[in-house]
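> Just so we're aligned: the sequence shown equals residues 802 to 1461 in the working numbering. C-beta: ideal position from N, C-alpha, C; glycine also.
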Amino acid sequence: MLKSVLIANRGEIACRVIKTARRLGLRTIAVYSDADADALHVAMADEAVRIGGPFARDSYLKMDAVIAAAKQTGAEAIHPGYGFLSENAGFAQACAEAKIVFVGPPASAIRAMGGKSEAKALMAKAGVPLVPGYHGDDQDPARLEKSADEIGYPVLIKASAGGGGKGMKVAQKKSEFRDQLASAKREAQNSFSDDRMLIEKYLTRPRHVEIQVFADTHGNCVYLFERDCSIQRRHQKVIEEAPAPGMTVALRQRMGEAAVTAAKSIGYVGAGTVEFLLDADGSFYFMEMNTRLQVEHPVTEFITGLDLVEWQLRVAAGEKLPLAQDQLVLNGHALEVRIYAEDPDRDFLPQTGRITHLRFPAETAHVRVDTGITEGKAISTYYDPMIAKLVVWDRDRGAALAQLRRALAETEISGLVTNTAFLAKLAGNKAFAKADLDTGFIGRHEKELLPSVPAAGDEALLLAATGLLLSGRSVAEDDPWSVADGWRLYGGGQDHLSLIDISGGQAIHRIVFDYAKGGFVFHLKKSTMLVTATLSSEGRLGAELGGRRVWAGFAKSGDDVTLFLDGASYRMRQAPIAMEDEGAEAAALRIIAPMPGRIIAVHVAEGTQVEKGAPLAVLEAMKMEHVLKAGHSGTIEHVGCKPGDQIREGQELLRFAAPG
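#1: Counting Cβ pairs closer than 8 Å, one from the stretch 1260-1271 and one from the stretch 1346-1355, do we hit at least three?
#2: Determine the direct distance from the alpha carbon of Lys1430 to that of Pro1460, and round the result to whole angstroms.
#3: DSSP three-state label for Ser1434, please.
#4: Check Arg1147 in the structure and name its three-state DSSP category.
#5: Hey, which unbroken runs of the alpha helix (DSSP H) at 4 residues or more fall wholly within the stretch 956-1014?
#6: So, with DSSP's three-state summary, where would you put Arg1035?
#7: Would you grab the beta carbon distance between Leu1136 and Ile1040 for me? Rounded to a whole angstrom, and I think it's under 8 Å.
#8: Which ranges does the beta strand (DSSP E) cover as unbroken runs of at least 3 residues, wholly within the stretch 1226-1261, from first to last along the chain?
#9: Grab me the residues of Asn1230's own chain with a C-beta within less than 8 Å of its C-beta, minus the 5 sequence neighbours each way, in chain order.
#10: Judging by CA-CA distance, which residue of Val929, Leu1269 and Leu827 is the nearest neighbour of Ser1084?
#11: Select from Thr829, Ser1304 and Gln894 the residue whose C-alpha is nearest the C-alpha of Met1373.
#12: Tell me whether the stretch 1022-1041 and the stretch 979-987 touch, counting them as touching only if at least three CB pairs, one residue from each stretch, are closer than 8 Å.
#13: Using the Cα positions of Glu977 and Ala822, report the straight-line distance between them to the nearest angstrom.
#14: Could you compute how far the alpha carbon of Val1419 sits from the alpha carbon of Lys1443?
#15: Which runs of the beta strand (DSSP E), 3 residues or longer, sit entirely within the stretch 1140-1189?
#16: Can you give, in chain order, each stretch of the beta strand (DSSP E) that sits fully within the stretch 851-889 and has at least 3 residues?
#17: Nearest to Met1425 by alpha carbon, out of Ala1063, Pro1186 and Phe1233?
#18: What do you reckon, are the CB atoms on Leu1217 and Gly1154 nearer than 8 Å?
#19: For a quick check, are the C-beta atoms of His1134 and Pro1007 less than 8 Å apart?
#20: Under the rule that 16 or more other beta-carbon atoms within 10 Å means buried, what is Ser1328, buried or exposed?
#21: Where do the ends of the beta strand (DSSP E) carrying Ala1308 lie?
#22: Taking 8 Å as the threshold (C-beta atoms), are Gly1244 and Thr1005 in contact?
#23: Would you report the Cα separation of Leu1298 and Ile1174, rounded to the nearest angstrom?
#24: For Thr1062, does the three-state DSSP call read helix, strand or coil?
#25: Out of Tyr1086, Ala831 and Tyr1069, state which residue places its alpha-carbon closest to the alpha-carbon of Glu1076.
#26: Might you give, ordered along the chain, the residues of its own chain that have their beta carbon closer than 6 Å to the beta carbon of Arg828, omitting 5 neighbours on each side?
#27: State buried or exposed for His1427, treating a residue as buried only when at least 16 other CB atoms are found within 10 Å of its CB.
#28: Taking its Cβ as the centre, do 16 or more other Cβ atoms sit within 10 Å of Ser1253, making it buried, or is it exposed?
#29: Does the distance from the CB of Val818 to the CB of Val1110 come in under 8 Å?
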């Protein structure tokens, strides 16, 4: 076994690798950028080395700096995690030349699968089935468009060197092709410094099923069953599960053997994933091979009882695979959700900000949380906005879904917008429960899933107000000035406060109440309600509303309040009493930047009349292009940005004329 390993990554995957490496007795070395100096993976490692500035290109993507850190600390091996340098053949080669063990496949295997076009040519030669498409070297837009015409629309335009949904667009018809191609090429160039494209037939209702393979240096290769990753947004996975629902033994064997054939054809070593599109008739087509450990590997670990990182380290040390194919056993069902700082109600726009409150469910034999962040830390524009992976297991899919719903209800995050409420809706969706899965699931069920958080009703408003009032008590309970018995120095117990429902369209609610013994009497439109409640120092709000007992989570940071109730996160802000509803109407006229970035395109001018949903501008942030659309119809009164502008979060970009 190896004695030391440097993890050339950050976040949850770095923490994940460190846990297994330390269990096996290896000395662990972390690397970090200036943005990650106090990150969790740095604290967990035995040693840590700074490798550069906050941008990935200045740190985690600097091969020389990573290898220098390994030499400086005497690391025998480098584990690349996923992303960054994990699928960089040049980096694997540089490790070999530096006599450092690369925990992954040889550079030749990465190179073979690194270009999607070249990989598909290899797979065709190996007899692995492919989706009809163009994977050629001629990248002239006219040639690509001609291929799309021949294949037939809709077509998928995909970066040859890409992954993670970046540089990937769908052209539904010929008139869309050139614009979508240009956008895909820009994203690919920014993300991979390679704007080569391939064109494929876009299957309208396929499932995304991938096979986990593992190979050693002794000629052994096995498949560790499959994962279904069909639930996606922006071509990125949202929920992964294993095994794939409805998978027959015969189909599993055919797909598994095809994946092993793919791996052996390129001399593969280590952990890899062969991704297929599975059609309704049982036909499957090779998409790509990820020559690294996948984000979703924990679901495979749950159903096999194996530690895939341990297998990686053992194979890298020259050992044989611990088990043969006939020794692998599939047990139960596992699901994983990716918790992101993103706004599902705004086309899953990535979010930035500081996490002011963070609570995950307790880890058990049924629940696992992989994260690289702690309360008080910030999600920045420098890296992927993933906060954590929540993974559950049980004896079958129905029981595992129940575990997932419970675990999501126990997850609390405030300080920025996340997708947890959206995930809770997905987990509770009837079609998802029936495993009616394909890659278009979210789009097809959008009306059921969005908005992810509804406008706050009376119960949520009263609980938020109660938590706010209780959290303001900083004096002793026996202090006569703090006793809630309705007595006031100047007489009269009635009071009021205003809450802005941030997650419910910025509506402003004026809440009138009286202090009562042990609680508050709230005055609703047509009735009153007595609320008695307690608030623990951990933010547990226990309340009785009209004789009904309710438990909720409560978090407060400055004037911002988050209420966690029944799987939903209601974000509110205490407002000055004088605020009027017109404030929300005025805000609706402004298009503001949801995050820092660069303006790529502006589609309107002053005086332009637009309809609801019309594209107004394109913002590039986090290596992705985000189209800013009109929330309502109207006339553009002012344009405050132009292509090339670097803009800050909250900056006004465009403004509508007031109606009438």
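Reading it off the structure:
#1: yes
#2: 18 Å
#3: coil
#4: helix
#5: 975-993
#6: coil
#7: 6 Å
#8: none
#9: His1246, Glu1249 and Leu1250
#10: Val929
#11: Ser1304
#12: no
#13: 49 Å
#14: 10 Å
#15: 1158-1160 and 1168-1172
#16: 878-880
#17: Pro1186
#18: yes
#19: no
#20: exposed
#21: Ala1308 to Ala1317
#22: no
#23: 34 Å
#24: helix
#25: Tyr1086
#26: Ser805 and Asp847
#27: buried
#28: buried
#29: yes
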